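Asks: Below: one structure in structure tokens.
In my numbering, the protein residues as written are 155 to 467.
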């Protein structure tokens, strides 16, 4: 199994470390704009292998040199350049320009790969990557609200005194301000958690959690890298795991030609199927409002790709 990480920033480096420690693959490629940084990360991780249980081939290269990978993870992003981020959409214009250069080359050189998109704004970038690659939609997925859902379960765990893994609570929609908790079906051990004021307060904390970390230390890396590692493991080991991920879909609950996080099943070929949880009237309305906002962002940032028919089926 050959996995390539595109981007040598903090998220890419943290993800590479997680994949090495967990021994997820036997061939790891770290790629960036410059060979030196990628090679430095690869060499550092090669030294880490002395403390691991089995060998792994680790190499560094430029983005254009990545070929024949089974999984391509895109973490590459433009720098904020000192700009105070209040929305992930602020990165949209420059990152879509970056993807226009990057994705066609990666798709041509890795024609059988599953693409995992981490770059923000992840919903728009996943849409763009799907259209620019020409890949089937199931082979291009964004990490989306997986990390938001994990943050939500962590907070619910503290409130309910139940282990996060035993809680079933999804956040869907945009990885950003247009996200929504599906509290009508949230449960633990078959018992509903309920749509309570306290749970709503916890959700409000989740919406700002990423920016709180960003304000405190200038970036986020551990949670998003760990979430991405979970997605990769689901593909590598064909786990058929259920998780909320950003995906381009033609029709989901009456919403058409859009891309945001919905519950999906993930295995070796990427997204195996979409799930359709029952939503109450309020959740359905909130979802449609969120979908409109997300589609507006897509149209604003990649208008020429909207309705593009290059995507395979």
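The beta carbon of each residue, even a glycine, is placed where N, CA and C say it ideally should be.
These numbers were taken from a predicted model, which means no experiment stands behind them.
Looking at the unbroken beta strand (DSSP E) that takes in residue 333, where does it start and where does it end?
Replies: It spans 333-335 - the beta strand (DSSP E) in which residue 333 sits, taken as one unbroken run.
Asks: Inspect the beta-carbon positions of residue 296 and residue 399 and report whether they are closer than 8 Å.
Replies: Yes; because the gap between Cβ atoms is below 8 Å, this pair is in contact.
Asks: What are the partner residues of residue 322, as DSSP defines its beta bridges?
Replies: In DSSP, residue 322 forms a bridge with 341.
Asks: Tell me the residue span of the alpha helix (DSSP H) that contains residue 156.
Replies: Per DSSP, residue 156 belongs to no alpha helix (DSSP H); it is in the beta strand (DSSP E), 156-160.
Asks: Tell me which same chain residues have a C-beta within less than 6 Å of the C-beta of residue 189, skipping the five on either side of it?
Replies: Within the same chain, residue 189 has close Cβ partners 216.
Asks: Counting only the same chain and skipping the five closest in sequence on each side, list residues whose C-beta sits under 6 Å from that of residue 174.
Replies: For residue 174, where only same-chain residues beyond five positions count, the Cβ hits under 6 Å are 199 and 202.
Asks: Return the first residue and the last residue of the beta strand (DSSP E) that residue 269 is part of.
Replies: From DSSP, the beta strand (DSSP E) with residue 269 extends over 268-271.
Asks: Cα separation between residue 331 and residue 443?
Replies: So the alpha carbons of these two residues sit roughly 12 Å apart.
Asks: How long is the line joining the alpha carbons of residue 352 and residue 312, rounded to whole angstroms?
Replies: Looking at the two C-alpha atoms, the distance is approximately 12 Å.
Asks: Using the Cα positions of residue 354 and residue 451, report the straight-line distance between them to the nearest angstrom.
Replies: Rounded to the nearest angstrom, the two C-alpha atoms are 26 Å apart.
Asks: State yes or no: is the C-beta of residue 226 within less than 8 Å of the C-beta of residue 252?
Replies: The answer is no: Cβ separation not under 8 Å.
Asks: Given this structure, state the Cα-to-Cα distance separating residue 360 from residue 335, to the nearest angstrom.
Replies: Looking at the two C-alpha atoms, the distance is approximately 10 Å.
Asks: Report all residues from its chain with a CB closer than 8 Å to the CB of residue 393; omit the five preceding and five following residues, and keep chain order.
Replies: Correct list, in chain order: 387, 420 and 421.
Asks: Which same chain residues, not among the five before or five after residue 196, have their C-beta less than 7 Å away from its C-beta?
Replies: So the list reads 184, 212, 213 and 214, once near-sequence residues are dropped.
Asks: Which stretch, first to last residue, makes up the beta strand (DSSP E) that contains residue 211?
Replies: That run of the beta strand (DSSP E) goes 211-216.
Asks: Quick check: the Cα distance between residue 411 and residue 401, rounded to an integer number of angstroms?
Replies: Roughly 10 Å between the two C-alpha positions.
Asks: Just how far apart, CA to CA, sit residue 264 and residue 291?
Replies: Going by the C-alpha atoms only, they are around 16 Å apart.
Asks: Quick one, which of 249, 302 and 279 has its alpha-carbon nearest residue 326's?
Replies: Among 249, 302 and 279, the Cα nearest to that of residue 326 is on 302.
Asks: Which class does residue 416 belong to by DSSP, given the choice of helix, strand or coil?
Replies: In the structure shown, residue 416 sits in a strand (DSSP, three-state: E or B).
Asks: Hey, out of 425, 404, 403 and 376, whose CA is closest to residue 397's CA?
Replies: Of the candidates 425, 404, 403 and 376, the one whose C-alpha sits nearest the C-alpha of residue 397 is 425.
Asks: Exposed or buried, residue 333, counting other C-beta atoms within 10 Å across all chains shown (16 or more means buried)?
Replies: By the 10 Å Cβ count, residue 333 comes out buried.
Asks: Given this structure, state the Cα-to-Cα distance separating residue 246 from residue 455, to the nearest angstrom.
Replies: In a straight line, the C-alpha of residue 246 is about 7 Å away from that of residue 455.
Asks: Can you list, in chain order, the residues of its chain whose CB lies under 7 Å from that of residue 169, leaving out five sequence neighbours each side?
Replies: Once the five neighbours on either side are set aside, the close Cβ partners of residue 169 are 159, 227, 229, 379, 382 and 383.
Asks: Determine the closest residue to residue 307 out of 337, 430 and 278, with distance taken between C-alpha atoms.
Replies: Taking only the C-alpha atoms, the option nearest residue 307 is 337.
Asks: Just to confirm, is the Cβ distance from residue 427 to residue 363 under 8 Å?
Replies: The answer is no: Cβ separation not under 8 Å.
Asks: CB-CB under 8 Å to residue 276, same chain, minus the five flanking residues each way: which ones, in chain order?
Replies: Cβ neighbours of residue 276 beyond the five flanking positions: 242, 296, 297, 298, 329 and 400.
Asks: Which of helix, strand or coil does DSSP assign to residue 429?
Replies: The answer is coil: DSSP assigns residue 429 none of H, G, I, E or B.
Asks: With burial defined as no fewer than 16 other Cβ atoms inside 10 Å of the residue's Cβ, what is the status of residue 467: buried or exposed?
Replies: Since pLDDT at residue 467 reaches only 39, below the 50 mark, its modelled position is unreliable, and no value is offered.
Asks: Under DSSP, the alpha helix (DSSP H) around residue 233 begins and ends at which residues?
Replies: Element bounds for residue 233: n/a, residue is neither H nor E.
Asks: Report back the beta-carbon spacing between residue 163 and residue 207 to the nearest angstrom; my notes put them in contact at under 8 Å.
Replies: Actually they do not touch by this definition, with Cβ atoms about 28 Å apart.
Asks: Could you give the residue range of the beta strand (DSSP E) that holds residue 404?
Replies: From DSSP, the beta strand (DSSP E) with residue 404 extends over 395-406.
Asks: Please state the DSSP three-state secondary structure of residue 182.
Replies: Strand.
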